[in-house]
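Written below as structure tokens is the structure these notes are about.
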Amino acid sequence: MRPLFLALPGNEDAAMGLAAAAGGSLCACEFRTFPDGESYLRVEDDPCGRTVVLVCSLVHPNEKILPLIFAADTLRELGVDRLGLVAPYLAYMRQDCRFHAGEAVTSRSFAGLICRSFDWLVTVDPHLHRYNSLEEIYSIPCRALHAGPLLADWIERNVDRPFLIGPDNESRQWVAAVAFDCGAGSGVFQKSRLSDRSVSIAAGHLRIPPNATPVLVDDIVSSGATMLKALEAVREQTPAPAIAMAIHGVGGDEMAAAFGKINARLVTTNSNSNPKAEIDILGLLASGLKGLID
Ligand code: R5P
4 MRPLFLALPG
14 NEDAAMGLAA
24 AAGGSLCACE
34 FRTFPDGESY
44 LRVEDDPCGR
54 TVVLVCSLVH
64 PNEKILPLIF
74 AADTLRELGV
84 DRLGLVAPYL
94 AYMRQDCRFH
104 AGEAVTSRSF
114 AGLICRSFDW
124 LVTVDPHLHR
134 YNSLEEIYSI
144 PCRALHAGPL
154 LADWIERNVD
164 RPFLIGPDNE
174 SRQWVAAVAF
184 DCGAGSGVFQ
194 KSRLSDRSVS
204 IAAGHLRIPP
214 NATPVLVDDI
224 VSSGATMLKA
234 LEAVREQTPA
244 PAIAMAIHGV
254 GGDEMAAAFG
264 KINARLVTTN
274 SNSNPKAEID
284 ILGLLASGLK
294 GLID
């Protein structure tokens with residue numbers, strides 16, 4: 004039987020594209036919110052004995068996780084065979100250790116919630132820093148796909164003489180991979196985080212080659228504080244207009260406005276719908292489903 008793809012609200016385009024690419028069909032589902040804020044949902048197609056793929060990018064995860072779990076529980080009760088989750092952006096990966104006494108290691112708790120409800124997970128470039136792989140916290144089969152080649156392809160088509168810069172040490176893995184793929188030089192700045200929306204960035208020993216176009220590359224841009232400070236550090240070395248690229252743009256309108264204010268270009272993938280999404284990852288996601296839904 005052909006797989007069913009069920010879109011959580013806001014993920015309809017991705018679910019439709021994946022269903023078309025995988026020869027599946029869409030599973031109709033009504034989602035709404037009662038006046039008191041509780042969720043209502045009704046699965047309108049029969050999922051009994053089928054593989055069902057829920058599609059939900061997990062930006063702003065708190066408001067999404069309960070409807071997601073309710074949908075998964077309902078599908079199980081209705082007799083689904085296998086239940087997978089495609090989360091183009093996977094949330095709660097950055098709190099990957101107890102930085103201060105008493106802090107919640109939310110990455111582990113969140114992984115527990117997902118694993119309780121799904122048989123497998125497909126995502127794109129999760130923020131793996133202190134964890135080497137998702138399997139360290141996720142007990143279900145996981146596929147972490149890489150959007151780096153798509154960023155490299157965009158750079159090759161749009162940027163003359165690119166030089167890639169990561170705003171911090173954590174970005175090194177993405178910067179190095181993208182630089183390799185597009186044959187560019189690269190390096191990283193040094194970042195200290197002062198608060199949720201404030202960082203300081205120093206170039207350290209990194210020198211941007213003369214005549215190069217600086218391209219900042221990171222996995223996530225949220226408030227934009229990291230990229231905006233990195234842009235300042237770039238400007239101290241070169242007047243060439245820099246481009247900021249991130250795989251996941253999770254900061255919505257606030258993020259877009261911050262870049263608009265200084266007339267800086269930000270390019271992201273469409274791992275969630277955001278005003279700066281230019282790079283399509285649908286084909287990457289579809290390729291990641293091979294063997295899971297056949
Ligand atoms: C952190 O380790 C990530 O790779 C990003 O650098 C960070 O999440 C960006 O956040 P913001 O845009 O709020 O500075």
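Those letters in the sequence shown? Residues 4 to 297, per my numbering, in order.
The C-beta atom is built at its ideal place from N, Cα and C for all residues, glycine as well.
Could you name the residues of the same chain whose beta carbon sits closer than 6 Å to that of residue i, not counting the 5 residues immediately before and after it, in chain order?
i           : result
residue 159 : 185
residue 20  : 285
residue 205 : 193
Figure out for me which residue from the options has the closest Cα to the Cα of residue i.
i           : options            : result
residue 209 : 270, 172, 197      : 172
residue 286 : 10, 9, 16          : 16
residue 126 : 117, 145, 118, 113 : 145
residue 225 : 39, 168, 251       : 251
residue 74  : 99, 98, 219, 119   : 119
residue 195 : 230, 290, 264      : 230
residue 168 : 107, 108, 280, 234 : 234
residue 48  : 78, 41, 42         : 78
residue 96  : 87, 256, 136, 66   : 136
residue 294 : 113, 44, 85, 278   : 85
residue 31  : 18, 187, 260, 98   : 18
residue 68  : 220, 264, 41       : 41
residue 214 : 188, 112, 220      : 188
residue 245 : 161, 124, 222      : 161
residue 117 : 87, 296, 180       : 87
residue 232 : 262, 253, 14, 222  : 262
residue 102 : 133, 115, 148      : 133
residue 236 : 112, 223, 219, 249 : 219
Enumerate in chain order the residues of its own chain whose CB-to-CB distance from residue i is below 7 Å, with the five nearest sequence positions on each side excluded.
i           : result
residue 71  : 11, 57, 59
residue 26  : 5
residue 197 : 203
residue 217 : 166, 168, 211, 237, 241, 243, 245
Just to confirm my understanding: we take residue i, look at its own chain, exclude 5 residues before and 5 after, and list those with CB closer than 8 Å. What are they?
i           : result
residue 282 : 150, 153, 154, 157, 270, 271, 272, 273
residue 191 : 168, 169, 170, 171, 172, 174, 175, 178, 209
residue 257 : 226, 227
residue 138 : 145
Does any heavy atom of the ligand R5P sit closer than 7 Å to the C-beta of residue i?
i           : result
residue 105 : no
residue 202 : yes
residue 19  : no
residue 272 : no
residue 228 : yes
residue 97  : yes
residue 173 : yes
residue 130 : yes
residue 181 : no
residue 282 : no
residue 225 : yes
residue 1   : Residue 1 cannot be examined here, being either before or after the span of the chain that is shown, 4 to 297.
residue 170 : yes
residue 297 : no
residue 221 : yes
Tell me whether residue i counts as near the ligand ADP, meaning its Cβ is closer than 7 Å to at least one heavy atom of that ligand.
i           : result
residue 162 : The ligand content of the structure shown is limited to the ligand R5P, which means the ligand ADP is not among them.
Segment contact flag, the segment 62-69 with the segment 88-103, C-beta cutoff 8 Å, min 3 pairs:
Remark: three or more beta-carbon pairs, one from each stretch, lie closer than 8 Å, so the segment 62-69 and the segment 88-103 are flagged as touching.
Cβ contact (3+ pairs, closer than 8 Å) linking the segment 27-37 and the segment 236-246:
No: the two stretches stay apart, fewer than three of their Cβ pairs being nearer than 8 Å.
Considering only residues of the segment 244-289, which uninterrupted beta strand (DSSP E) runs meet the minimum length of 3 residues and lie entirely inside it, listed in chain order?
Those beta strand (DSSP E) runs which fall completely within the segment 244-289 and span 3+ residues are 246-252, 268-272, 280-282.
Which runs of the beta strand (DSSP E) fall wholly inside the segment 33-98 and span at least 3 residues, in chain order?
Within the segment 33-98, the beta strand (DSSP E) runs of at least 3 residues that lie entirely inside it are, in chain order, 42-46, 54-58, 85-90.
Completely contained alpha helix (DSSP H) runs for the segment 179-235, where each covers 4 or more residues
Taking 4 residues as the minimum length, the segment 179-235 contains no alpha helix (DSSP H) run wholly inside it.
At what residue ranges does the segment 138-168 contain a whole run of the beta strand (DSSP E), taking only runs of 3 or more?
Inside the segment 138-168, DSSP marks whole beta strand (DSSP E) runs of 3 or more residues at positions 145-148, from first to last along the chain.
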